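Data block below; observations after.
Printed below as a string of structure tokens:
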């Protein structure tokens, strides 16, 4: 099986490469990115003859098509977080005759889904938003939904990269586990909730609640945000009555990002500053990029996801609860090879990519994860790679006279 | 006595004028500012027949001299950096002089003989801190034979939690005062004859203030004037100044400075030369109007003086803070409307108390002085108490 990885020099791209090269049926991996030096450095660490690199800019359609055609990959994994290029990447995969998976560009999903018939005609599979959340989260829900006769509610409680190292132990003023621009977007956008057949938009970071994760994360505050699951799952399973997604970070991080957002630094529109048109986000992004490296204690980002699904099965009220997180062994394995930040999305998309390449995903066309990836097989692979996956089933019995 | 106020349009001017409205010893007040429209509206609001207005530039020497003639004292709360211009103009015009300026102390002290010759009094650094805090220390210093240390602990804190506001960065100072000064420049400490530079906001500690401020974190501040007491009493081995600015203000400003928003020099940002500080200032000053709860910024603090009387080790804690009735009076007056989004509308009042003492002839000396060198501490504190400030003096004998 040959796999091409776009954005291979990034946080998720690197963990994707590591997972792929663990698989014996992978014969070749083409690592593609626009960041030449970083790509070389990453490939140099892997020390595997099956991987080669190619400098490619996903924004350049001709270059991308040429590179993917030449690669003759069976599967293309798009880990490149480049807004505006997801639809193009999917089309290019289609032209190159390869299956396609990505980590999600929400604005472009409708255009990508519109390629479903073309993918199906060519016997290809496209899976969109196949990361941690969305991605693994959707599959967790699908597993539970499949176990029920009818589903009432789906509620996600997520820890989105919580740094378990205290603030005092850092020299840098703020650390983030993944794409800060994406995080700022999550803080700035409306809270999405699906309830009573409607997708509602509430204020940013609405619906606070406390939730206790396993140690070392512990109890943190969760809030709603702009996340794809309510929209995706409500389309895939329209009979569900309520779908929520809440996510929490370290309290100090939550405070800082909210502060910067409330001052206006999440604003991507230009403002007039003494005759100059300046985008506030650009200023923040520049300053973040100029921060001195950490000189005290590196951050240790941990993630954990919970999916609670209620419904009925054989006339009984049932609640399924799935928890997943990285085990210490998994974290150490990837970190020892150079992974930093919150890198699990790269592993999770790679697991799905290998399943597609092996023919374990039968659906042809373009799909969300919950309607294409067989949940029980996927969860088994996730557990096999070293994630902790726990599934509980609670049955409510009503005692009556 | 007749007083001319320079800079009556600013926040210090606001609080000074509110003070002068409620006392009887100053019989006429000429309120001046470079912004004539502002003081016109302000004096109309104050509605006191003793107050008149005149548009005046506090840096224009010749016009100042002409205007000051015939007035007994000049109270300078203007934003003009070089206050020696107004000070010399007052000298020329034959008026006593008080200012809140913390710079050019040595140049002002150098005018001591000139003011003495004319039988005039000049006092500078006469603000809340420095100013009032120096007099609190002076009260205790006078009680002791030998001083071992003076520790000032001050607070300018919004006692409404940040979660109850929709706007960010409420404080008693301008944003530039926090970002470019307090959180960027070195803290100062006087130790064994030397003024030392320490990191910004150094040596944080928890401290409990009287009144509604309560227990907060205090840390060092920049500014040589923080330790001006050493100019008057260089024999004091140790003088420190730490101020509480509020937990959220501390966290917010430390984050902004650590990110680099205190950089005034432009950086290349997306192909343009942009000053990070200018962007921060623009965004902070143009936040949407407050939609939740308004700030309630409180100001107060103490001087902790340790020394020896006879053979007894003693510690004095002399603390001052506005009474709730005084705060409410100012709220009822509507001072916050003129005090800006935050605003400390008591900050100009220490100068008012000094002006009253001068008007009553309770300061007989002439020359140019820092407050602690000339202001009679007990009489001053009595005047502050009469105007609604609470003063508590604790004497501890260390056995």
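Chains as they are written, first to last, in our numbering: chain S, 10 to 410; chain G, 10 to 408. In this text, a Cβ means the ideal position worked out from N, Cα and C, and glycines have one as well. From a predicted model like this one, the values you see are computed outputs, not experimental measurements.
**OP:** Output the distance between the C-alpha atoms of residue 138 (chain S) and residue 111 (chain S), rounded to the nearest integer angstrom.
**Re:** If you number the first chain from 1, residue 138 (chain S) lands on position 129. If you number the first chain from 1, residue 111 (chain S) lands on position 102. One C-alpha to the other measures close to 6 Å.
**OP:** With DSSP as the reference, please indicate the residues paired to residue 318 (chain G) in a beta bridge.
**Re:** In the second chain, counting from the first residue as 1, residue 318 (chain G) sits at position 309. Listed as beta-bridge partners of residue 318 (chain G) by DSSP are G:321.
**OP:** Mark residue 175 (chain S) as exposed unless 16 or more other C-beta atoms lie within 10 angstroms of its C-beta, in which case mark it buried.
**Re:** Within the first chain, numbered from 1, the residue matching residue 175 (chain S) stands at position 166. Looking at its Cβ environment, which holds fewer than 16 other Cβ atoms inside 10 Å, residue 175 (chain S) is exposed.
Original post:
Can you tell which of S:333, S:211, S:328 has its C-alpha closest to the C-alpha of residue 406 (chain S)?
Top reply: For the purposes of this step, residue 406 (chain S) is taken as residue 397 along the first chain, with counting starting at 1. The candidate whose alpha carbon is nearest that of residue 406 (chain S) is S:328.
**OP:** Using a threshold of 9 Å, state whether the C-beta atoms of residue 106 (chain S) and residue 92 (chain S) are closer than that.
**Re:** To locate residue 106 (chain S), count along the first chain from 1; it is residue 97. To locate residue 92 (chain S), count along the first chain from 1; it is residue 83. No, the pair does not count as a contact, with Cβ atoms beyond the cut-off.
**OP:** Please go through the same chain and pick out, in chain order, the residues whose beta-carbon is closer than 7 Å to the beta-carbon of residue 242 (chain S), but skip the five residues on each side of it.
**Re:** Start at 1 with the first residue of the first chain, and residue 242 (chain S) comes out as number 233. Excluding sequence neighbours, residue 242 (chain S) sits near 147, 150, 163, 249, 252, 379.
**OP:** Please confirm if the stretch 51–64 of chain G is in contact with the stretch 110–128 of chain G, defined as three or more CB-CB distances below 8 Å between the two stretches.
**Re:** no
Original post:
Closest Cβ-Cβ distance between residue 289 (chain S) and chain G: below 9 Å?
Top reply: Sequence index remark: in the first chain, residue 289 (chain S) carries index 280 (1-based). It does; some Cβ of chain G falls within 9 Å.
Original post:
For residue 11 (chain S) and chain G, any beta-carbon pair shorter than 9 Å?
Top reply: Position 2 of the first chain, counted from the start, is the residue given in the question as residue 11 (chain S). No, its Cβ sits nowhere closer than 9 Å to a Cβ of chain G.
**OP:** In angstroms with no decimal places, state the Cα-to-Cα distance between residue 257 (chain S) and residue 268 (chain S).
**Re:** Against the first chain, residue 257 (chain S) aligns to sequence position 248. Against the first chain, residue 268 (chain S) aligns to sequence position 259. Going by the C-alpha atoms only, they are around 16 Å apart.
Subject >> Cβ pair residue 215 (chain S), residue 237 (chain S) closer than 9 Å >> reply: Taking the first residue of the first chain as 1, we reach residue 215 (chain S) at position 206. Taking the first residue of the first chain as 1, we reach residue 237 (chain S) at position 228. No, the pair does not count as a contact, with Cβ atoms beyond the cut-off.
Original post:
In its own chain, which residues sit with a C-beta less than 7 Å from the C-beta of residue 25 (chain G), not counting the 5 before and 5 after it?
Top reply: Position 16 of the second chain, counted from the start, is the residue given in the question as residue 25 (chain G). Contacts found: 14, 84, 86, 357, 358, 360, 361.
Original post:
Would you say residue 352 (chain G) reaches chain S, if we count a Cβ-Cβ gap shorter than 9 Å as a contact?
Top reply: As a working note, residue 352 (chain G) is residue 343 in the second chain. Model confidence at residue 352 (chain G) stands at a pLDDT of 48, short of 50, so the residue's coordinates are unreliable; what they give is reported in the following sentence. It does not; no Cβ of chain S falls within 9 Å.
Original post:
Buried or exposed: which applies to residue 209 (chain S), given that a residue is buried once 16 or more other Cβ atoms fall within 10 Å of its Cβ?
Top reply: For the purposes of this step, residue 209 (chain S) is identified with residue 200 of the first chain, where counting begins at 1. When all chains shown are included, residue 209 (chain S) counts as exposed.
Subject >> residue 352 (chain G), DSSP secondary structure in three states >> reply: Sequence index remark: in the second chain, residue 352 (chain G) carries index 343 (1-based). Low per-residue confidence applies at residue 352 (chain G): pLDDT is 48, beneath 50, and the placement is therefore not dependable, though the value from the model is reported in the following sentence. If DSSP states are grouped into helix, strand and coil, residue 352 (chain G) belongs with coil.
Original post:
Among S:300, S:335, S:309, S:57, which residue has its Cα nearest to the Cα of residue 29 (chain S)?
Top reply: Position 20 of the first chain holds residue 29 (chain S). Considering only alpha carbons, the answer is S:57.
Subject >> Beta-carbon neighbours of residue 19 (chain G), restricted to chain S and to distances below 8 Å >> reply: Along the second chain, one-based indexing puts residue 19 (chain G) at 10. Ordered by position in chain S, no residue passes the 8 Å Cβ test against residue 19 (chain G), which lies about 23 Å from the chain.
Original post:
Any C-beta of chain G sitting closer than 9 Å to the C-beta of residue 308 (chain S)?
Top reply: On the first chain, position 299 is the one that residue 308 (chain S) refers to. Not closer than 9 Å to any Cβ of chain G, the Cβ of residue 308 (chain S) fails to qualify, so no.
**OP:** Examine chain S for any beta-carbon lying closer than 9 Å to the beta-carbon of residue 107 (chain G), and answer yes or no.
**Re:** One-based indexing of the second chain puts residue 107 (chain G) at position 98. Answer no: the Cβ-Cβ gap between residue 107 (chain G) and chain S never drops below 9 Å.
Subject >> First through last residue of the beta strand (DSSP E) which encompasses residue 132 (chain G) >> reply: Position 123 of the second chain, counting from 1, holds the residue named residue 132 (chain G). Run containing residue 132 (chain G): 130–132, per the beta strand (DSSP E) assignment.
Subject >> residue 207 (chain G) versus G:195, G:402, G:105, G:201, residue with shortest Cα-Cα distance >> reply: Counting from one through the second chain, the residue named residue 207 (chain G) turns up at place 198. Looking at the Cα atoms, G:195 is the closest of the given residues.
Original post:
Taking the continuous alpha helix (DSSP H) assigned at residue 70 (chain G), which residues delimit it?
Top reply: Within the second chain, the letter at position 61 stands for residue 70 (chain G). Start and end: 70–77.
Original post:
Helix, strand or coil: which one does DSSP assign to residue 411 (chain G)?
Top reply: Coverage of chain G is limited to positions 10 through 408, which leaves residue 411 (chain G) absent and any answer about it impossible.
Original post:
By a C-beta neighbour count over all protein chains shown, 10 Å radius and 16 as the cutoff for buried, is residue 24 (chain S) buried or exposed?
Top reply: Here residue 24 (chain S) refers to the residue found at position 15 when the first chain is read from its first residue. Of the other Cβ atoms in all chains shown, 16 or more fall within 10 Å of the Cβ of residue 24 (chain S); this residue is therefore buried.
Subject >> Cutoff 6 Å; reference residue 82 (chain S); Cβ partners in own chain excluding five residues on either side >> reply: Locating residue 82 (chain S) in the first chain gives position 73, counting from the first residue. Counting only Cβ-Cβ distances below 6 Å, and skipping sequence neighbours, we find 11, 12, 13, 107.
Original post:
What residues from the stretch 265–286 of chain S come within 9 Å of chain G, judged by C-beta to C-beta, listed N to C?
Top reply: 265, 268, 269, 271, 272, 273, 274, 276, 280, 281, 282, 283, 285, 286
Subject >> Rounded distance between the beta-carbons of residue 285 (chain G) and residue 296 (chain G), thought under 8 Å >> reply: Within the second chain, residue 296 (chain G) is the residue found at index 287, counting from 1. Within the second chain, residue 285 (chain G) is the residue found at index 276, counting from 1. That pair is no contact at about 17 Å.
**OP:** Would you please state the rounded distance, in angstroms, between the beta carbons of residue 334 (chain S) and residue 397 (chain S)? I believe it to be under 8 Å.
**Re:** Residue 334 (chain S) sits at position 325 when you count from the first residue of the first chain. Residue 397 (chain S) sits at position 388 when you count from the first residue of the first chain. The pair is a contact, with the Cβ atoms about 5 Å apart (cut-off 8 Å).
Original post:
What's the C-alpha gap between residue 276 (chain S) and residue 259 (chain S)?
Top reply: Reading the first chain from its first residue, position 267 is the one you call residue 276 (chain S). Reading the first chain from its first residue, position 250 is the one you call residue 259 (chain S). If I take the Cα positions, the gap works out to 23 Å.
**OP:** State the DSSP-derived secondary structure class of residue 121 (chain S), mapped to helix, strand or coil.
**Re:** Position 112 of the first chain, counted from the first residue, corresponds to residue 121 (chain S). If DSSP states are grouped into helix, strand and coil, residue 121 (chain S) belongs with the helices.
Original post:
Which chain G residues are close to residue 217 (chain S), counting only those with a beta carbon under 9 Å from its beta carbon?
Top reply: The count along the first chain starts at 1 and reaches residue 217 (chain S) at position 208. Those within 9 Å of residue 217 (chain S) in chain G number zero; the least Cβ separation is about 11 Å.
**OP:** Could you tell me the boundaries of the alpha helix (DSSP H) in which residue 270 (chain S) lies?
**Re:** Counting from one through the first chain, the residue named residue 270 (chain S) turns up at place 261. Element bounds for residue 270 (chain S): 260–272.
**OP:** Please confirm whether residue 243 (chain G) and residue 202 (chain G) have their CB atoms less than 9 Å apart.
**Re:** For the purposes of this step, residue 243 (chain G) is taken as the residue at position 234 of the second chain. For the purposes of this step, residue 202 (chain G) is taken as the residue at position 193 of the second chain. For residue 243 (chain G) and residue 202 (chain G), yes; Cβs fall inside 9 Å.
Original post:
Under the rule that 16 or more other beta-carbon atoms within 10 Å means buried, what is residue 198 (chain G), buried or exposed?
Top reply: If you number the second chain from 1, residue 198 (chain G) lands on position 189. Buried.
Original post:
How big is the Cα-Cα spacing for residue 352 (chain G) and residue 189 (chain G)?
Top reply: On the second chain, residue 352 (chain G) is found 343 positions in, with the first residue counted as 1. On the second chain, residue 189 (chain G) is found 180 positions in, with the first residue counted as 1. Reliability fails at residue 352 (chain G), whose pLDDT of 48 lies under 50, so the model's placement of it is uncertain and the value that follows must be treated cautiously. Distance between the alpha carbons of residue 352 (chain G) and residue 189 (chain G) is about 18 Å.
Subject >> Unbroken stretches of the beta strand (DSSP E), 3 residues or longer, contained in the stretch 140–201 of chain G >> reply: 155–167, 196–200
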